[in-house]
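Peer 1:
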């Protein structure tokens with residue numbers, strides 16, 4: 001069982017800036033939704049979607065005007081994580097630094113607990 005005592009998820013300054021840039025191009029959306037689903041090369045994978053609707057079980061993380069939504073089921077796998085935006089030679093992407101992940105793939109969106 002995962003330790004979900006630390007229900008916080010943080011967003012880096014870089015991620016907040018990028019979320020704001022993306023959302024500025026699509027005024028019909030107001031948040032980045034991050035969720036966890038089964039699949040990927042390591043067992044679980046992160047999904048990143050633009051969203052305009054909050055649900056009752058969403059955890060809302062706000063930083064510098066950027067909003068991230070995480071459903072309560074996904075939070076079980078992400079508690080204590082940090083969401084970052086990385087732009088390097090391999091490419092640009094959101095990445096989750098998850099303290100519960102015991103392994104992850106090279107793309108940074110798939111992980112094992």
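In the UniProt record's numbering, the protein residues as written are 1 to 113.
Heads up, the beta-carbon is just placed ideally off N, CA and C, and yes, glycines get one too.
1) Tell me which residue opens and which closes the alpha helix (DSSP H) that residue 54 is part of.
2) CA-CA distance, residue 30 and residue 64?
3) Candidates 19, 74, 94: which alpha carbon is nearest residue 100's?
4) May I have the straight-line CA-CA distance separating residue 1 from residue 76, to the nearest angstrom?
5) Let me know if residue 15 comes out buried or exposed under the rule of 16 or more other beta-carbons within 10 Å of its beta-carbon.
6) Can you say whether residue 23 is buried or exposed, counting buried as having 16 or more other CB atoms within 10 angstroms of its CB?
7) Counting along the chain, where does the alpha helix (DSSP H) carrying residue 74 start and finish?
8) Rounded to whole angstroms, what is the Cα-Cα separation between residue 50 and residue 88?
9) Taking the C-alpha atoms as reference points, what is the distance between residue 97 and residue 91?
Peer 2: Reading from the atomic positions:
1) Here residue 54 belongs to no alpha helix (DSSP H), and DSSP marks it neither H nor E.
2) 13 Å
3) 74
4) Since pLDDT at residue 1 reaches only 36, below the 50 mark, its modelled position is unreliable, and the value read off the structure follows with that caveat. Each residue's alpha carbon lies about 9 Å from the other.
5) buried
6) buried
7) 72-78
8) 23 Å
9) 17 Å
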